[in-house]
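Report on the following structure.
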Amino acid sequence: MANQIPEEVIEEIRKSNNIVDIIGEYVQLKKQGRNYFGLCPFHGEKTPSFSVTQEKQIFHCFGCGKGGNVITFMMEMENFSFYEAIKFLADKSGTTLPDSGIKKESSMSQESQGVLSAYDWLTKLYHHLLRYTKDGKEGYQYMKDRGIGDEAIETFQLGFAPNVKDFVAEFLTKKGFQQQLLVKAGILSQLNDNDVSDRFRGRIMFPIRNHIGKTVAFGGRSIKEQEPKYLNSPENELFQKGKLLYNFDLAKKHIRKENEVVLFEGYMDVISAYQADVKNVVATLGTSLTEPQAKLLNRYVETVIICYDGDNAGLEATYKAANLLRKTGCSIKVAKLDNDMDPDSFIQQHGSDAFKNRVIKASDTYMGFYMRYLKMDFNLKIEGDRIKYIENVLQELAMIESSIEREYYLKEISNEYNISIESLTSEMHGYRQKQGIPKDNQQKNRYTNKTTTSQRNKKLLPAFYNAEKKLISYMLQDSYITDKVKDELGAGFNVDDHKIIATHLYAFYEEGHSPDISLFIERLSDDRLKQQVVEVAMMPELNEISDREINDYIRIILNESNDSVNIKSLKEQQKLAEQQNDPLKAAQIAMQIIEIQKHLKSTK
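One point on numbering: in my numbering, the residue at position 224 of the sequence shown is 228, and numbering is uninterrupted.
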């Protein structure tokens, strides 16, 4: 719980971790005005509605409503317990947590904690064996022969599992790990005679880390005739290969710097590219790209360069990956390799400069790749195939948003096949109409009208409700305003939640705190109230507010309170008149109620 860690330590950790920097490791943020915006990591969206304010050190999503400070974000994002969030942020900022008196609660099961610890020990063991022992000499020589240097071996913590049946089993048993857990985790293999064997023996070991750098699985590559060639850890609570990308933890900072990511199919491609000084690189884990992986990339970056093998299987995989990424909103480029090449072999044969300039920087647009890919299905020497090919290209081209890009490829087709640009344009617009895509100027108007309609259909809130929210937003930033509201209004807010928030604010300032929205949020125990405070705090406000405006808000709130009290009293009188069979008096009271309600409506 929060109160088990001294408040001053929590405060130091929170202030040492800038919320923009921390969230920027999970979401591609762009500054607009005073705030930063990006795609919300908590729900699917294509238009950014996730806002982060550096000044207030809070975040808020206008789509799903989630919000809070840097500690809240880590708890939501990583499913951390409070202690885990604090520990993670403390490690990042170099802050030391007290050794005693803290319950080190975890969001993970005991079993998963045990597996994570075993993987950590194994990462160190395998790496040490590869670099410094006779048992790892065979694996080390293999890496050298593949052109992998010591720096890359260190960076990726590559290792070697010796071809000894029970080497790992004995090592981890001495560390206190139960054999049953190690079998379940896939570290050991259960044999028919109830004996066990090391799962990865005789293989080069690639630690597979999650996005915060913890080893959650291994990939093992055979270096002789052992089958299968690649062997992964089995999936479990910690490791779902369709949700992780190899090297994502190290690549994040380079991805943000370059504003693009290079996507590979294999570990060795990533490591070779890293050695070639292309470091914004990740890879899938032996499967096709999945939707969770595509959405993960879309949160971080706008442009994905797909760099798969140059053979037909690589082209098919590229096409599927490209379409999945486009659906999530990514801009696509496709690196072009010869049919007999993969990224690793290209780098080994032609060097890093050639890879950067002739492969990565020379990548095709999606449309350029699609035209190349589509030619595999047609014999363009035959007239009928040429026509079908052109029709297919025009259908795909019709879906491209950029009119400049459409015109560029129309001219290319026109020149290559000697067809007038007018005919091609007319045919393409026909496909756009069939798909229900409006003309470019109509496209803009459609979204403008949609936004206007959405805003118009929003429920109008009463004047007193908005006055209370505005007042609280200023109180969060100014203790003088809070003192004034406390003296003149006290707990006289009409909305119960606003009343509770105001009461907490009075106590917050009485304890001597300066205005600090992030700290105030941390002191609230009710998650619903936290969300409301964040929402109010994100409201736009004037740099300076006059006493007159504050007084107007207080007056509106008091009027609502007084009118509500009057209506309640009159309704009780009306009920009494009806019980006393005095219809005239009851009618007169009803007229008074109607007049007050009319007055209320006129102020809303």
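Each residue gets a CB set at the ideal place from its N, CA and C atoms; glycine is no exception.
Tell me, to the nearest whole angstrom, how far the beta carbon of residue i is from that of residue j; I am working on the premise that it is less than 8 Å.
i	j	result
I208	Y146	6 Å
I521	I62	6 Å
V31	F54	6 Å
S477	E545	6 Å
G71	V540	The pair is not a contact, with the Cβ atoms about 10 Å apart (cut-off 8 Å).
I309	E264	6 Å
L328	L293	6 Å
G496	L562	7 Å
E12	R38	Not a contact, Cβ separation roughly 29 Å.
K34	G28	That belief does not hold up - the Cβ atoms of K34 and G28 are roughly 10 Å apart, past 8 Å.
Y377	L319	6 Å
E472	H502	5 Å
V489	I558	7 Å
Along the chain, where does the alpha helix (DSSP H) containing residue i start, and where does it finish?
i	result
Q230	Taken as a continuous stretch (DSSP letters only), Q230 belongs to no alpha helix (DSSP H), as it is neither H nor E.
H258	F252 to E262
I505	D500 to E514
T429	I425 to K438
S522	I521 to E526
L87	The sequence given here has Tyr at residue 87, not Leu. Its alpha helix (DSSP H) spans residues F86 to S97.
T57	First-last for T57: F54 to T57, but that is the beta strand (DSSP E), not the alpha helix (DSSP H).
F77	V74 to E82
I27	I23 to I27
I3	Outside the shown range of the chain, which is 5 to 608, sits residue 3, and nothing can be said about it.
K534	D531 to A541
In terms of alpha-carbon separation, which member of the options lies closest to residue i?
i	options	result
K141	I554, A339 and I227	I227
G224	L254, D199, G270 and Q194	G270
D202	A165, L493, K256 and T99	A165
G67	N419, K340 and P52	P52
K391	L185, L33, I417 and D487	The residue you asked about is not Lys; residue 391 is Ile in the sequence shown. I391 has its Cα closest to that of I417, out of L185, L33, I417 and D487.
T332	N22, I310, Q352 and E306	E306
G213	S424, N236 and K178	A small fix is needed here, since residue 213 is Arg in this sequence, not Gly. The shortest C-alpha separation from R213 is found at N236.
I404	S424, Y435, R376 and L384	Y435
Y278	A402, E241 and K360	K360
F84	E109, N284, M595 and G143	E109
D381	N316, L341, N419 and Y421	N316
E82	I423, M112 and I598	M112
M542	L176, I504 and K474	K474
I259	G246, L301, P232 and L248	L301
L93	D103, P102, N22 and T57	N22
V119	H433, S349, E472 and Q183	Q183
G372	D170, L398 and N343	L398
Y323	V274, S518, M375 and D346	M375
S518	M272, L249, N422 and E15	E15
A511	R532, D501, V499 and T486	T486
A280	Y87, D95 and Q352	Q352
F468	D491, E492 and N498	N498
P232	Y250, G206, G246 and L242	G206
F175	H354, K138, G143 and L133	L133
Y144	A581, G163 and N555	G163
Y130	F171, Q114, K490 and D95	F171
V24	I9, G48, D500 and N73	N73
T483	I504, E409, F524 and N470	It should be pointed out that residue 483 corresponds to Ser in this sequence rather than to Thr. Answer by Cα proximity: F524.
L533	E553, K385, M79 and G69	G69
K148	C65, L242, I275 and D500	I275
P686	L428, E411, S407 and N419	Here the chain comprises residues numbered 5 to 608, so residue 686 is not present and cannot be evaluated.
V168	D139, I423 and I157	D139
P102	D273, Y87 and F204	Y87
What span of residues does the beta strand (DSSP E) with residue i cover, start to end?
i	result
Q36	K34 to Q36
F41	N39 to G42
I62	I62 to C65
Check whether the Cβ of residue i lies closer than 9 Å to any Cβ atom in chain D.
i	result
H517	Checking the listed chains, one finds no chain D in this structure; it contains a single protein chain.
Next on the checklist: Could you tell me which whole beta strand (DSSP E) segments of length 3 or greater appear in the stretch 268-315?
Outcome noted: If only uninterrupted beta strand (DSSP E) runs of at least 3 residues are considered, those enclosed by the stretch 268-315 are 285-287 and 307-310.
Next on the checklist: Under 8 Å, with one C-beta from each stretch per pair, do the stretch 216-229 and the stretch 110-130 reach the 3-pair mark?
Outcome noted: Put simply, the stretch 216-229 touches the stretch 110-130. At least three CB pairs are less than 8 Å apart.
Checklist entry - Could you give the uninterrupted runs of the alpha helix (DSSP H) lying entirely in the stretch 464-498, keeping only those of 4 residues or more? => result For the stretch 464-498, whole alpha helix (DSSP H) runs of length 4 or above, ordered along the chain, are 467-479 and 483-492.
Item to check | alpha helix (DSSP H) runs wholly inside the stretch 330-418, at least 4 long, in chain order | outcome: Segments of the alpha helix (DSSP H) lying fully in the stretch 330-418: 347-354, 370-378 and 387-401.
Next on the checklist: Three Cβ pairs or more, each shorter than 8 Å: is that satisfied between the stretch 348-365 and the stretch 391-407?
Outcome noted: Cβ pair count under 8 Å is below three, so no.
Checklist entry - On the three-pair Cβ rule with 8 Å, is the stretch 150-157 touching the stretch 176-194? => result Cβ pair count under 8 Å is below three, so no.
Item to check | alpha helix (DSSP H) segments (min. 4 residues) lying fully within the stretch 137-222 | outcome: With a minimum length of 4 residues, the continuous alpha helix (DSSP H) runs that stay inside the stretch 137-222 are 141-149, 154-159, 171-178 and 183-188.
Item to check | At least three beta-carbon pairs within less than 8 Å, the stretch 289-305 to the stretch 336-355 | outcome: When Cβ pairs closer than 8 Å are counted between the two stretches, the stretch 289-305 is seen not to touch the stretch 336-355, the count staying below three.
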